[in-house]
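> Residue numbers (our numbering): 3 to 267. Even glycine gets a Cβ: it sits at the ideal position worked out from N, Cα and C. Take this structure first; my questions come after.
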């Protein structure tokens with residue numbers, strides 16, 4: 003009897019190739035100079051000591067993955083997010099988004115990335131929510147009926163349709179964070195960057211905001227969340243990276259986050 007497969011047998015399916023990372027960073031470095039002290043000025047130095055905020059950071063983000071960046075204050079979390087958002091330029095290393103090297107940041111790049119800060123302050127508080135989004139829509143090149151449609155859909159998506167005509171100064175901190183998410187949705191982003199998304203939000207609104215982000219907003223989108231809140235890590239994230247003094251010191255699952263941070267003895 004032959005050893006080959008019979009005519010009725012089914013050949014094993016070829017193993018599927020792993021999805022290419024949507025974001026890849028290699029050796030990212032960024033430094034700043036501290037403000038000049040009186041001693042620096044006496045020595046005719048116009049800037050202070052050099053501070054290395056990022057020291058060769060490597061990371062990858064898979065399509066649909068939510069990655070937590072944790073670490074102490076000053077670890078480099080916000081600097082890393084600002085580099086990915088295109089608000090800062092790296093001093094070294096490489097950054098690829100969707101398989102393309104990021105060599106310049108333009109409107110097309112920014113439309114793909116939504117960066118949400120804690121304690122959002124970029125809105126005009128005397129204007130209402132809709133008027134604020136109309137301004138940001140023009141920055142995305144949206145005008146007329148298309149802008150109105152995108153704004154309406156974004157407000158509905160974040161649950162602010164009923165508050166769209168109220169002045170932003172009347173919004174709670176949680177509502178302002180939702181408005182920031184609506185602003186990001188105007189460009190139909192593929193990547194969300196959250197920098198302490200529930201900091202300054204009261205516990206009840208913080209819980210609701212995390213639920214909304216995880217269940218409704220992301221829905222298969224990729225995201226990076228910089229946070230101190232391990233509850234946030236467990237609720238939102240698939241994987242954790244620990245930054246310490248600008249370097250990656252470890253990574254693992256959300257269940258391993260406390261141990262990675264040295265909080266378990």
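1. What are the boundary residues of the alpha helix (DSSP H) that residue 210 is part of?
2. List in chain order: all unbroken alpha helix (DSSP H) runs of 4+ residues lying wholly within the segment 46-120.
3. Using 8 Å as the Cβ pair cut-off and three pairs as the minimum, do the segment 55-68 and the segment 26-34 touch?
4. For residue 254, which of helix, strand or coil comes out of DSSP?
5. Since residue 195 is in the alpha helix (DSSP H), which residue starts that stretch and which ends it?
6. Using the Cα positions of residue 159 and residue 91, report the straight-line distance between them to the nearest angstrom.
7. What number of angstroms, rounded off, separates the C-alpha of residue 231 from the C-alpha of residue 258?
8. Hey, out of 36, 181, 73 and 125, whose CA is closest to residue 51's CA?
9. Does the segment 138-150 come into contact with the segment 200-214, if we say contact requires no fewer than three beta-carbon pairs (one atom in each stretch) closer than 8 Å?
10. What's the gap between the Cα of residue 98 and the Cα of residue 26?
11. Can you find the residues in the same chain that come closer than 8 Å, C-beta to C-beta, to residue 113, ignoring five residues on each side of it along the sequence?
12. By the DSSP assignment, the alpha helix (DSSP H) with residue 224 in it spans what residues?
13. Along the chain, where does the alpha helix (DSSP H) containing residue 159 start, and where does it finish?
14. Contact defined as beta carbons within less than 8 Å: I believe residue 66 pairs with residue 222. What is the distance between those atoms, to the nearest angstrom?
15. Starting from residue 35, follow its DSSP beta bridges and name the residues at the other end.
16. If distances are taken between C-alpha atoms only, which option among 165, 136 and 164 comes closest to residue 152?
17. Would you decide whether residue 134 is buried or exposed? Buried here means 16 or more other CB atoms lie within 10 Å of its CB.
18. Using DSSP with H/G/I as helix, E/B as strand and the rest coil, what is residue 27?
19. Kindly give me the distance between the Cβ atoms of residue 216 and residue 238, rounded to whole angstroms, as I take these residues to be in contact under 8 Å.
20. What is the DSSP secondary structure of residue 234, reduced to helix, strand or coil?
21. Given a cut-off of 8 Å on the beta-carbon distance, is the pair residue 198 and residue 228 in contact?
22. Cβ of residue 242 within 8 Å of Cβ of residue 194?
In terms of the structure at hand:
1. Per DSSP, residue 210 is one residue of the alpha helix (DSSP H) stretching across 205-214.
2. Correct list: 79-87 and 109-114.
3. The answer is yes - the segment 26-34 touches the segment 55-68, with three or more Cβ pairs under 8 Å.
4. Note: residue 254 maps to strand in three-state DSSP.
5. First-last for residue 195: 193-197, but that is the beta strand (DSSP E), not the alpha helix (DSSP H).
6. Each residue's alpha carbon lies about 32 Å from the other.
7. In this structure, the straight-line span from the alpha carbon of residue 231 to that of residue 258 is close to 14 Å.
8. For residue 51, the nearest C-alpha among the options comes from 36.
9. Below 8 Å, too few C-beta pairs join the segment 138-150 and the segment 200-214 to call them touching: fewer than three.
10. The alpha-carbon of residue 98 is positioned some 5 Å away from that of residue 26.
11. Around residue 113: 142, 189, 190 and 191.
12. Per DSSP, residue 224 belongs to no alpha helix (DSSP H); it is in the beta strand (DSSP E), 224-228.
13. Here the alpha helix (DSSP H) through residue 159 covers 146-159.
14. The pair is a contact, with the Cβ atoms about 5 Å apart (cut-off 8 Å).
15. According to DSSP, which records beta bridges pairwise, residue 35 is partnered with 52.
16. Comparing Cα-Cα distances from residue 152 to each of 165, 136 and 164, the minimum goes to 136.
17. Burial call: buried.
18. Residue 27: strand per DSSP, three-state reduction.
19. Between the beta-carbon of residue 216 and that of residue 238 there is about 5 Å, and that keeps the pair under the 8 Å contact cut.
20. Look at residue 234 here: in three-state DSSP terms it is helix.
21. The answer is yes: Cβ separation under 8 Å.
22. Their beta carbons are not under 8 Å apart, which means residue 242 does not touch residue 194 by this criterion.
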